[in-house]
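Working notes for the structure below.
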Amino acid sequence: MSSKFGNMEGIDISWSPMINYFKSLQDSKFMEVLHYFSKDYGYGNEYHICSFASNWHPQEEGYFESGVQFVDATGNEEKSIIVEYSVFFKFLSIACEDYLSRHPEDRSEVERALKAIRERYNI
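Remember, the working numbering sits 1251 above the position in the sequence shown when you count from 1.
Here it is in structure tokens:
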């Protein structure tokens, strides 16, 4: 997806699962995924997964209490990271601006979804 994620100089390399998730997100799926996020649902495909803490039960393997988890299964070794909601929102906002540079007609819908996410997670 994102040319804005092309130069991530100075960004912690451990965040690569999240960055790769947003890079892999196709424009054709972007609004659908943003809608899921605004409803506290994650989204993934066979290689990149994003899930919210609320989607996990404490008895489930992989449970985490708070934040957003990104999994990158593109290499020999699966990589994952759990980030705070504010970090998730920062990178999601970058992805949204990149998407809107190609689809300005979706601005009001994107802004509504971002507002819902900001309110849900008190960002």
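Think of the CB as a built atom: it goes at the ideal place given N, C-alpha and C, for glycine as much as any other residue.
Checklist entry - Within 10 angstroms of its Cβ, does Tyr1272 collect 16 or more other Cβ (buried), or is it exposed? => result buried
Checklist entry - Would you report the Cα separation of Glu1370 and Glu1328, rounded to the nearest angstrom? => result 35 Å
Checklist entry - So Gly1313 packs on Phe1303, CB below 8 Å; how close in whole Å? => result About 13 Å; that fails the 8 Å criterion.
Checklist entry - Which runs of the beta strand (DSSP E) fall wholly inside the stretch 1279-1354 and span at least 3 residues, in chain order? => result 1299-1303, 1319-1323 and 1330-1334
Next on the checklist: Can you look up Leu1276 in the DSSP assignment and give me helix, strand or coil?
Outcome noted: coil
Checklist entry - When you compare only the Cα positions, how much space is there between Asn1296 and Asp1278? => result 15 Å
Checklist entry - Can you list, in chain order, the residues of its chain whose CB lies under 8 Å from that of Gln1310, leaving out five sequence neighbours each side? => result none
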